[in-house]
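Residue numbers (mature numbering (1 follows the signal peptide of the UniProt record, and there is no 0)): -19 to -1, 1 to 980.
Put into structure tokens, the structure is as follows:
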């Protein structure tokens, strides 16, 4: 007995010695154990679909030798009988930062102290591109974290340094806590990217999502150029990128729309990204499916909000409520749509939540076999390691779980996790079942003892005879029981410590070390067998999942909308053509076009709309808008960002789109901000509410780019400690334009010379520069400038620069001093897009007047009114009316300020801007004269599809309130059941303007 206790002491108190590094064991003498181990009579999942009942798994030296019904066992075999138990391949998480220390944040960054050039010599010019980073070189095995993962069923993890846009290579690690020489399965197996800057660098560029996408494009172009031997110098980053191209490419998109953006880059450059998603893929499943990409999916489902306070609950965004309700269905939706995906523990607060959330997803319909595939065969295949991990086929690593039953059953216990043939015990598989009710006697005092919970890790509940609870803690190890219990006295530190060995008897007994040092005895007489409590949480029915809408926010459409054939009868039609305003006129819309205009029109297939007393107009076109843009309207990291494009970052989930439609807006130009003289390229969009971002882009749209003048570009309003990024003066702004256009000319000339050279004398190819290519397009009149402007002197300056380089400025936007130089503008041939009556909101606007637009109009300029503001944009019809008030512009011409004139400025008036047979059916039905403050848009139609209907809007409002209350009720139930909840958080959305800077 004493010998047994001594051995137990050694087992419990001698700490495990685990080396932290991954280098091999170089001891001179190594004892290699060549014995076999056979696990018999188990249900073996060789793969998720290849299952052996009452089979045998034979392993040796960390490998699977055989798995089958009749396996011949060698003489030197240790046999483990697993009657009634199951064996599964251990899980694989291919996306972690296991063993990697977080990158330290660089000091001195931000808007007040940015870095424009790199401090690293011999590497790529941008510090957020660092493919030379190696997880292998930064790795230190973390035993504690490994144990968390092992307990959750994982045997292998991929790890990487999650910092930067190009993050470098990842390694594959076996969670082998016993043998450090076998942990490293692959030092370089993956190559990682993201839409996040490096926290270790203060380099300013890129400062926006569109800048990150532009940087990635330029990086790949530079890589191709470099690989072809065109560079005169060695670039260690591009060398690493070249070496990493054959590795598995993983892109952390973290969101459904960003996944579409990453897939777009992959398609452009012939890449095959595995996309690490965000858990909201179900909201855009059709588009996600079309990417044909494989995914790594987190299951960090949001916790319910604590909505007991109705005021705080009212602050919650509808989309957050929906995400909580719908997120558990994501895995089922992906699986049902044939999307290949692996699962990851990434973004979980604690690893324990992984199993909980996965079981929840299974409750919501995710197939168990697919779940096992997503944790075994799929990640193994994606990593190109199917012959080594993910299955229990012959020759694979002996990575497996031993469970009490079906691994995805809540009642199942995971006993052991074997990695490379080394056993990690999670729960004692040999533990005896001592659960039940007992009469416990300690030093002649009797208590009521209830032992409950799992067999391998039971819990104790002790009560005095008077039913008062006694604080206690029970632990079981190797059939030894240890029970600590509080004594009856009031002294906080007085505990009795009970120990004993569990024999094959229903009763228990052993020794007591009392709080005062006395050695006593204790006994427990079993009075009743264990009766498992009903799992109240399991009994509750699942929440009703609300259907996904398009977009999946308030006022989204329950189904994707379709074109209709519509016949408007007896409307007052504002044609914007020579016919003027027609009364009592019919308009037929068919196949997305204006099919006919006249009287007594008919079409048997048309939905007839009585428009008598109502006004039908072409849709409003906003020449200058900043709504529906994701993660930054300005790329202010450089004084020129011609390489970026708003087309990359259209946000289809912005509720402002719906509000625009409610204000009669059908088309907008989304412009880059005014942080730098040469901004980014614009996106002309049609507000197809519910469509994907790329579906909103105006087809075959002309190319535009944002330029800017004034206070913003010279950083006058960036604070007194602003840095010295060029330019800092108005004359410096002019020099930027001159320098860049001169560079563009030289760039074009270099390429012309190279292309004209004979094959023999080609030499090294010039570097493709997207920024310079864009400026060349301006010089060649293939791209048009829309320039942010205020002060007359600067307006003249840019026209002079354009004349010098032989092109025309297309549009001066804002242009609140345009009335001063209208004659010069007409001479140059530039149009104007201005505000109706904004003035004096900053110093350079002090000379603005509400007659600006009419004065320019009367001088013969093409004039439009724009919004530059989400609120104003849905009231542009009223802004147009101000041209009648200030300057006595006719109603017809005033209406053209927000319809036909911006269409002409955008070079799309052949399709939109007026009601004319053959043009796109982008029209609005108004309740009254559209220039009236009382006019409401009753229907807003784009290409024959009704995207806004005032009557349906009323029904949507009711539906939103009902759904909101339904989900809040579900959250209250969660709280009442004792589930974890989080504090309500109000989602603050940044409304972009020209000068908005967002890091």
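We treat Cβ as the ideally placed atom computed from N, Cα and C, and that holds for glycine.
### Query
How do the region 663 to 683 and the region 935 to 949 stand: do at least 3 beta-carbon pairs fall below 8 Å, yes or no?
no
### Query
How about residue 290: is its C-beta nearer than 8 Å to some C-beta of chain D?
The question asks about chain D, but that chain is absent: this structure has only one protein chain.
### Message
Between 865, 935, 528, 315, which has its C-alpha nearest residue 913's C-alpha?
### Response
Counting from 1 along the chain shown, the entry for residue 913 is found at position 932. Comparing Cα positions, the closest option is 865.
### Task
Pull up the distance between the alpha-carbon of residue 253 and that of residue 718, whole angstroms please.
For the purposes of this step, residue 253 is identified with residue 272 of the chain shown, where counting begins at 1. For the purposes of this step, residue 718 is identified with residue 737 of the chain shown, where counting begins at 1. Taking the straight line from one Cα to the other gives about 39 Å.
### Query
Which residue from 556, 562, 547 puts its Cα closest to that of residue 573?
Locating residue 573 in the chain shown gives position 592, counting from the first residue. With distances taken between Cα atoms, residue 573 lies closest to 547.
### Task
Starting from residue 838, follow the alpha helix (DSSP H) in both directions and report where the run begins and ends.
Within the chain shown, residue 838 is the residue found at index 857, counting from 1. That run of the alpha helix (DSSP H) goes 833 to 839.
### Query
Excluding five sequence neighbours on each side, which residues of the same chain lie with their C-beta closer than 8 Å to the C-beta of residue 787?
Here residue 787 is taken as the residue at index 806 of the chain shown, counted from 1. Correct list, in chain order: 760.
### Message
Using the Cβ count rule (16 or more neighbours within 10 Å means buried), how would you classify residue 19?
### Response
For the purposes of this step, residue 19 is taken as the residue at position 38 of the chain shown. When all chains shown are included, residue 19 counts as buried.
#### Entry: Nearest-angstrom Cα separation, counted from residue 558 out to residue 598
Here residue 598 is taken as the residue at index 617 of the chain shown, counted from 1. Here residue 558 is taken as the residue at index 577 of the chain shown, counted from 1. Taking the straight line joining both Cα atoms gives about 11 Å.
### Query
Less than 8 Å separating the beta-carbons of residue 890 and residue 600?
Along the chain shown, one-based indexing puts residue 890 at 909. Along the chain shown, one-based indexing puts residue 600 at 619. No, the Cβ-Cβ distance between residue 890 and residue 600 is not below 8 Å.
### Message
Please return the same chain residues whose Cβ sits closer than 6 Å to the Cβ of residue 919, not counting the five positions on each side in sequence.
### Response
The residue you call residue 919 lines up with position 938 of the chain shown. Result list for residue 919: 906, 908, 931, in chain order.
### Other residues of its chain near residue 579: CB distance less than 8 Å, five sequence neighbours each side excluded
The count along the chain shown starts at 1 and reaches residue 579 at position 598. The answer, listed in chain order, is 566, 567.
### Task
State the Cα-Cα distance for the pair residue 143 and residue 80, rounded to the nearest angstrom.
As a working note, residue 143 is residue 162 in the chain shown. As a working note, residue 80 is residue 99 in the chain shown. Between residue 143 and residue 80, the C-alpha separation is close to 12 Å.
#### Entry: Whole alpha helix (DSSP H) elements within the region 316 to 373, 4-residue minimum
333 to 344, 349 to 356, 358 to 363
### Message
Measuring alpha carbon to alpha carbon, tell me which residue in 42, 614, 420, 575 is nearest residue 375.
### Response
The sequence position of residue 375 within the chain shown is 394, counting from 1. Comparing Cα positions, the closest option is 42.
### residue 693 versus 686, 676, 683, 711, residue with shortest Cα-Cα distance
Within the chain shown, residue 693 is the residue found at index 712, counting from 1. Here the closest residue by C-alpha is 711.
### Rounded separation between residue 789 and residue 227 - CA only
Start at 1 with the first residue of the chain shown, and residue 789 comes out as number 808. Start at 1 with the first residue of the chain shown, and residue 227 comes out as number 246. Approximately 47 Å, taken between the alpha carbons.
### Message
Short of 7 Å in beta carbon distance, which residues of its chain neighbour residue 966, apart from the five on each side in sequence? Order them along the chain.
### Response
Counted from its first residue, the chain shown places residue 966 at position 985. The answer is none, since no qualifying residue turns up.
### Message
As a quick exercise: from 624, 632, 592, pick the residue whose alpha carbon is nearest that of residue 610.
### Response
Here the question's residue 610 lines up with position 629 in the chain shown. It is 632.
### Query
According to DSSP, what are the bridge partners of residue 989?
This structure gives no information on residue 989, because the portion of the chain shown stretches from -19 to 980.
### Message
Please identify the residue among 853, 494, 847, 187 whose C-alpha is closest to the C-alpha of residue 106.
### Response
Residue numbering aside, residue 106 sits at position 125 when the chain shown is read from its first letter. That would be 187, whose Cα lies nearest to the Cα of residue 106.
### Message
Using a Cβ-Cβ cutoff of less than 6 Å, which residues in the same chain neighbour residue 6 once the five nearest sequence positions on both sides are dropped?
### Response
Translated into positions along the chain shown, residue 6 becomes position 25. Reliability of the predicted coordinates at residue 6 is poor, the pLDDT of 48 falling under 50, and the value obtained from them is presented with this limitation in mind. Hits under 6 Å: 162.
### Task
For the alpha helix (DSSP H) containing residue 731, list its first residue and its last residue.
Mapped onto the chain shown, residue 731 falls at position 750. Where residue 731 is concerned, the enclosing alpha helix (DSSP H) stretches over 711 to 737.
### Task
Kindly indicate which residue of 685, 856, 620 has the alpha-carbon position closest to the one of residue 762.
Sequence index remark: in the chain shown, residue 762 carries index 781 (1-based). That would be 685, whose Cα lies nearest to the Cα of residue 762.
### Query
Looking at C-beta atoms only, is the number of pairs between the region 524 to 534 and the region 495 to 510 that lie closer than 8 Å three or more?
no
### Query
Taking the alpha-carbon positions, what's the residue 396 to residue 180 distance?
The count along the chain shown starts at 1 and reaches residue 396 at position 415. The count along the chain shown starts at 1 and reaches residue 180 at position 199. So the two alpha carbons sit approximately 41 Å from each other.
### Query
Just to confirm, are residue 623 and residue 756 a CB contact at a threshold of 8 Å?
The residue given as residue 623 occupies position 642 in the chain shown. The residue given as residue 756 occupies position 775 in the chain shown. Yes. Within cutoff.
### Query
Which of helix, strand or coil does DSSP assign to residue 120?
Within the chain shown, numbered from 1, the residue matching residue 120 stands at position 139. Of the three classes helix, strand and coil, the one that applies to residue 120 here is strand, per DSSP.
### Task
Could you check which residue in 119, 561, 595, 552 has the C-alpha nearest to that of residue 582?
Stepping through the chain shown from its first residue, residue 582 is reached at position 601. With distances taken between Cα atoms, residue 582 lies closest to 552.
### Query
Where does residue 5 fall in DSSP's three states?
Along the chain shown, one-based indexing puts residue 5 at 24. Residue placement at residue 5 cannot be trusted, given a pLDDT of 47 that sits under 50; what the coordinates show is reported in the next sentence. Looking at residue 5 - three-state DSSP - the assignment turns out to be coil, as it is neither helix nor strand.
### Query
Among 615, 791, 674, 206, which has the Cα closest to the Cα of residue 654?
Against the chain shown, residue 654 aligns to sequence position 673. Looking at the Cα atoms, 615 is the closest of the given residues.
### Message
Looking only at its chain, what residues have a beta carbon closer than 7 Å to the beta carbon of residue 371, apart from the 5 residues adjacent to it on each side?
### Response
Position 390 of the chain shown, counted from the first residue, corresponds to residue 371. So the list reads 70, 73, 357, 358, 360, 361, once near-sequence residues are dropped.
### Query
For the alpha helix (DSSP H) that contains residue 819, what are its first and last residues?
Looking up residue 819 in the chain shown gives position 838. Run containing residue 819: none; DSSP gives neither H nor E here.
### Per-residue DSSP class, three states only, for residue 545
Here residue 545 refers to the residue found at position 564 of the chain shown. Coil, per DSSP.
### Task
With a 10 Å radius around its C-beta and 16 neighbouring C-beta atoms as the bar for buried, classify residue 86 as buried or exposed.
Residue numbering aside, residue 86 sits at position 105 when the chain shown is read from its first letter. With fewer than 16 other Cβ atoms within 10 Å, it is exposed.
### Message
Just to confirm, is the Cβ distance from residue 691 to residue 782 under 8 Å?
### Response
Looking up residue 691 in the chain shown gives position 710. Looking up residue 782 in the chain shown gives position 801. No; because the gap between Cβ atoms is not below 8 Å, this pair is not in contact.
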